[in-house]
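> First the structure, which I've put down as structure tokens, then a few questions once you've had a look.
Number of protein chains: 2
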Amino acid sequence: MRSRIKAVEDAFRNEFDGYLVVNPINILYFTELVGAADSLGSAMLLIPGGEESTLHIHGVNYEWAKTEAKNCSVQLVKRGEDLVDLITEKIREMKLMKVGFDKMDFQTQQKVSKGLKRRAQLEAKADYVWDLRSVKDGGEVDRIQRAAQLTTEGMQTAQDTIKAGLREFEVAAEIEYKMRSHGSYGVAFDTSVASGLCSAFPHGGCSEKKLQTGDAVVVDIGAKYKNYCADMTRTFVVGRPSAKQEKIYNIVKEAQENAFQKIMEGAKTKDVDAAARRVIAKAGLGEFFVHGLGHGIGLEVHEQPSLNSTSKAVLKAGNVVTDEPGVYLVGYGGVRIEDTVLVKRSKGQRLTEGLKFLKKS
Amino acid sequence: MRSRIKAVEDAFRNEFDGYLVVNPINILYFTELVGAADSLGSAMLLIPGGEESTLHIHGVNYEWAKTEAKNCSVQLVKRGEDLVDLITEKIREMKLMKVGFDKMDFQTQQKVSKGLKRRAQLEAKADYVWDLRSVKDGGEVDRIQRAAQLTTEGMQTAQDTIKAGLREFEVAAEIEYKMRSHGSYGVAFDTSVASGLCSAFPHGGCSEKKLQTGDAVVVDIGAKYKNYCADMTRTFVVGRPSAKQEKIYNIVKEAQENAFQKIMEGAKTKDVDAAARRVIAKAGLGEFFVHGLGHGIGLEVHEQPSLNSTSKAVLKAGNVVTDEPGVYLVGYGGVRIEDTVLVKRSKGQRLTEGLKFLKKS
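Protein chains in written order, with our numbering: chain A, -3 to 357; chain B, -3 to 357.
As structure tokens, this is what we get:
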């Protein structure tokens, strides 16, 4: 299989003679390192078309990267040395004339530009990387699938655990323990167990609040496996759901299923979004579905493609996306149902699934 | 007490007539929102000196922010509206002429500049915010202290759990469960349980590897409480430590204590770093202490001030920093000992502490 570095070289060849990767997650992607992007610290990967790529990294991570990084050589940034100086020196030395980059903050861009002294042109262009990252290869799908299985197990624990009197974080503790002890590498994002009025906030969080009978509880969780994320939401009710809760729930469920049926290669993401939105609007609740339908997921929880009403993206086989409509009634409560879905040639495949959600006995 | 927004206004007044906060963690800081920075999505906080500050935020977070954000008004970015357009419009409308900002990626900066059409000058200057954030107020110290207590409890669990045959992630599961079920809001960073040869990598991670008798196990963990982080490392040995392990351990312990004695208001951080480095160098292991001594900690795990040999920072009362020397012998193993320390007038106060580390019965 062509390495990811080779793939991006093939992509940028007509436009650039080198490419600088600065975003730590992108560095993990190209070097296939398994670890926390945060702990990478500042590092840069220079990909000069046709020649060996070099990862420039500080001492704290040097030995690890030297042992584990694939498809590149690893060079130590010594104490007192400046990463940007080293990179600009290298670009000049290799006589690269036009260098693309993925993402840089303004100050860093200014510093690199200054260091290049107009001997090379520097241009922001992240599309190459996003195009690659959004279509998952087999190894990536396997990892997301494992993360999704662990997430589904965590959701089962949520269903088993939720009862009146428990605090939101106590439910989170049980969910996370299940996922972690079964092999998760950590959470893909802060676990959300949002009950009662907080369930009406899409990112309702998880506090010290006690669950009360009658509360809707929106549980939004994701395990991580070897850097890859899954994302799943179910809505439970503490005790017996009211007729109104049941009604809203069934609308959201129908919306989620309707969108799911549209997920396949070639579908416009705005049409997938519309398939869910139509169901909710028809029920007179359109204004309470306050976010897009979903997002790509992989090394990060939020990746391309976006599934919303203004997106121009078209689904490709190998995309992994979320399908997560919701209805949020401020002052009352909310419902969201979400699965992580693999896009295939003629259909979607739910990677998180199942559970007789909503009903709590 | 003066609000944080008022404090930064007082700081920038002579240089700017407005300040734009883009970094999500800084937005949490100024608005005192408790929640995940990731889930904030794109949002911007405009602080025009003397007038009301406005937080511009998308629908998915609007109701939450409106209910919870302090010291500002909250404005909805509607679907199809462009955040940057709204902000530049607002800057022009308020006739702000010189606007500072904390952090922006290059592309966003270009877009804002273009939107301002030279009617206002835009300048990167994050120091104001970092100066404020690095000195913690009473409420912040309380939260870090709570996070540190939970972290110490987690480390006790590590000590109780570690034994030959367990996998690294299984130890992590027990640690995280203890912290979470006792009230932690999640982990401040990916839990590290790095055993055997991996203990020689400072960010050794946590894998499916089984602990073996004789392994050094570097456990680096942090609980989070209401957005605030703690950070603690202890090194254990599975079974009975060898004479060499014990010797290295005692050197690192002495280095950590020596640096700790220097921590107080007015100390140069490079001197604190040197106090640890001297002990390790004297033992002939200087080249194996491959990172700086520590870093500030608060809303993020890595904040200012930095404690290393090239830092120019001077400690202030109210800084919270880590003291974490280590020795890493590639092909053999590593030792690190770390505490989170509050800087006071004439001393440091360990917020994580205790444990008869190293020895496993």
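In this text, a Cβ means the ideal position worked out from N, Cα and C, and glycines have one as well.
Treat the numbers as computed from the prediction; the structure is a model and nothing was measured.
Kindly list the residues whose CB is nearer than 6 Å to the CB of GLU48/A, restricted to its own chain and excluding five residues on each side of it in sequence; keep chain order.
Here the question's residue 48/A lines up with position 52 in the first sequence. These residues qualify, in order along the chain: SER69.
> Buried or exposed: which applies to MET93/B, given that a residue is buried once 16 or more other Cβ atoms fall within 10 Å of its Cβ?
Here residue 93/B refers to the residue found at position 97 of the second sequence. That one is exposed.
> Pull up the distance between the alpha-carbon of PHE358/B and that of VAL286/A, whole angstroms please.
Nothing can be reported for residue 358/B, as the shown portion of chain B is limited to -3 through 357.
> Check whether the stretch 57 to 75 of chain B touches the stretch 19 to 34 of chain B, counting contact only when three or more Cβ pairs, one atom from each stretch, lie closer than 8 Å.
Segments in contact, yes.
> DSSP three-state label for THR336/B, please.
Indexing the second sequence from 1 puts residue 336/B at position 340. Correct three-state label for THR336/B: strand.
> Count the other C-beta atoms from every protein chain shown that fall within 10 angstroms of the C-beta of GLU296/B, then say buried if there are 16 or more, exposed otherwise.
The residue you call residue 296/B lines up with position 300 of the second sequence. Buried is the call here.
> Can you list, in chain order, the residues of the stretch 89 to 120 of chain B whose Cβ is nearer than 9 Å to any Cβ on chain A?
Those would be PHE97, LYS99, MET100, ASP101, PHE102, GLN103, THR104, GLN105, GLN106 and ALA120, in chain order.
> Hey, is LEU29/B close to the ligand MG, as in C-beta under 7 Å from one of its heavy atoms?
You won't find the ligand MG in this model; it holds no ligand whatsoever.
> By how many angstroms is the C-alpha of ALA116/B removed from the C-alpha of GLU85/B?
Within the second sequence, numbered from 1, the residue matching residue 85/B stands at position 89. Within the second sequence, numbered from 1, the residue matching residue 116/B stands at position 120. One C-alpha to the other measures close to 11 Å.
> With burial defined as no fewer than 16 other Cβ atoms inside 10 Å of the residue's Cβ, what is the status of ALA169/B: buried or exposed?
Here residue 169/B is taken as the residue at index 173 of the second sequence, counted from 1. With 16 or more other Cβ atoms within 10 Å, it is buried.
> Taking 8 Å as the CB-CB limit, is SER177/B close to chain A?
Here residue 177/B refers to the residue found at position 181 of the second sequence. It does: the Cβ of SER177/B has a partner Cβ on chain A nearer than 8 Å.
> Quick one: what's got a C-beta closer than 6 Å to SER(-1)/A's C-beta in the same chain, skipping five residues either side?
By one-based count along the first sequence, residue -1/A stands at place 3. ASN67, listed in sequence order.
> For a minimum of 3 consecutive residues, which ranges assigned as the beta strand (DSSP E) are wholly contained in the stretch 89 to 135 of chain A?
Here the runs fully enclosed are 94 to 97 and 117 to 120.
> Taking just the CA atoms, how far does LYS220/B sit from GLY135/B?
For the purposes of this step, residue 135/B is taken as the residue at position 139 of the second sequence. For the purposes of this step, residue 220/B is taken as the residue at position 224 of the second sequence. One C-alpha to the other measures close to 14 Å.
> Check each candidate in GLY327/B, ASP335/B, ASN22/B and GLY14/B and name the one with the smallest Cα separation from VAL317/B.
Along the second sequence, one-based indexing puts residue 317/B at 321. Comparing Cα-Cα distances from VAL317/B to each of GLY327/B, ASP335/B, ASN22/B and GLY14/B, the minimum goes to ASP335/B.
> Give the secondary structure of LEU295/B by DSSP, where H, G and I count as helix, E and B as strand, and everything else as coil.
In the second sequence, residue 295/B corresponds to position 299, counting from 1. LEU295/B falls in the coil class under three-state DSSP.
> Please classify SER(-1)/A: does DSSP put it in a helix, a strand, or coil?
Taking the first residue of the first sequence as 1, we reach residue -1/A at position 3. Three-state DSSP puts SER(-1)/A in coil, outside helix and strand.
> In terms of residue numbering, what span does the beta strand (DSSP E) encompassing LYS40/B cover?
Here residue 40/B is taken as the residue at index 44 of the second sequence, counted from 1. What sits at residue 40/B in the sequence shown is Met, not Lys. Its beta strand (DSSP E) spans residues 39 to 44.
> Thinking ASP319/A and LEU289/A are a contact (beta carbons under 8 Å), I'd like their distance in whole angstroms, please.
Sequence index remark: in the first sequence, residue 319/A carries index 323 (1-based). Sequence index remark: in the first sequence, residue 289/A carries index 293 (1-based). At roughly 6 Å, the Cβ-Cβ gap stays under 8 Å, so ASP319/A and LEU289/A are in contact.
> Just verifying my parser: in three-state terms, what is the DSSP assignment at GLY162/B?
Taking the first residue of the second sequence as position 1, residue 162/B is located at position 166. Looking at the sequence provided, one finds Leu at residue 162/B rather than Gly. In this structure, LEU162/B counts as coil in the three-state DSSP scheme.
> So does the stretch 208 to 220 of chain A actually touch the stretch 182 to 190 of chain A, counting three or more Cβ pairs closer than 8 Å?
Yes: at least three Cβ pairs fall under 8 Å.
> Are there 16 or more other CB atoms within 10 angstroms of the CB of SER342/A, so buried, or fewer, so exposed?
Start at 1 with the first residue of the first sequence, and residue 342/A comes out as number 346. Under this definition SER342/A is an exposed residue.
> Could you tell me whether the stretch 140 to 157 of chain B touches the stretch 149 to 164 of chain A, where touching means 3 or more Cβ pairs closer than 8 Å?
Because the criterion of three Cβ pairs below 8 Å is not met, the stretch 140 to 157 of chain B and the stretch 149 to 164 of chain A do not touch.
> Based on Cα-Cα distance, which residue from ALA32/B, GLY282/B and PHE12/B lies nearest to ALA184/B?
The sequence position of residue 184/B within the second sequence is 188, counting from 1. Of ALA32/B, GLY282/B and PHE12/B, the residue nearest in Cα terms is ALA32/B.
> Out of curiosity, what's the CA-to-CA distance linking GLU164/B and GLU11/A?
In the second sequence, the residue the question calls residue 164/B occupies position 168. In the first sequence, the residue the question calls residue 11/A occupies position 15. The alpha-carbon atoms of GLU164/B and GLU11/A are separated by roughly 45 Å.
> Determine, for GLY201/B, whether the minimum Cβ-Cβ distance to residues of chain A falls below 8 Å.
Position 205 of the second sequence, counting from 1, holds the residue named residue 201/B. Cβ-Cβ to chain A under 8 Å: yes for GLY201/B.
> For the beta strand (DSSP E) containing VAL70/B, list its first residue and its last residue.
As a working note, residue 70/B is residue 74 in the second sequence. Element bounds for VAL70/B: 69 to 73.
> Could you say which of GLU166/B, PRO237/B and GLU77/B lies nearest to GLY330/B if we only look at CA atoms?
Numbered from its first residue, the second sequence carries residue 330/B at position 334. Checked all of GLU166/B, PRO237/B and GLU77/B; the closest Cα to GLY330/B is PRO237/B.
> Looking at the structure shown, is PRO301/A part of a helix, part of a strand, or coil, going by DSSP?
As a position in the first sequence, residue 301/A is number 305, starting the count at 1. If DSSP states are grouped into helix, strand and coil, PRO301/A belongs with the strands.
> Give the range of the beta strand (DSSP E) segment to which THR265/A is assigned.
To locate residue 265/A, count along the first sequence from 1; it is residue 269. Premise fails: THR265/A lies in the alpha helix (DSSP H), 265 to 278, not in any beta strand (DSSP E).
> Which residues in chain B have a C-beta closer than 9 Å to the C-beta of SER305/A? List them in chain order.
As a working note, residue 305/A is residue 309 in the first sequence. Residues of chain B passing the Cβ test: ARG75 and GLY76.
> Going by CA-CA distance only, name the one from ALA279/A, LYS74/A and LYS264/A that's closest to LYS249/A.
Along the first sequence, read from residue 1 onward, the residue named residue 249/A stands at position 253. Nearest C-alpha to LYS249/A: ALA279/A.
> Whose CA, out of ASN57/A, ALA277/A and LEU82/A, lies closest to the CA of LEU16/A?
Counting from 1 along the first sequence, the entry for residue 16/A is found at position 20. Residue LEU82/A is the option with its Cα nearest to LEU16/A.
> Apart from the five residues on each side of it in sequence, which residues of its chain come closer than 6 Å, Cβ to Cβ, to ARG274/A?
Here residue 274/A refers to the residue found at position 278 when the first sequence is read from its first residue. Excluding positions up to five away in sequence, the list is empty.
> Would you list the one or two residues that DSSP bridges to CYS225/B?
Residue numbering aside, residue 225/B sits at position 229 when the second sequence is read from its first letter. Answer is LYS220/B, bridged to CYS225/B.
> What in chain A is Cβ-close to SER35/B, meaning under 9 Å?
Taking the first residue of the second sequence as 1, we reach residue 35/B at position 39. Correct list: PHE185, ASP186, SER188, PRO198, HIS199 and GLY201.
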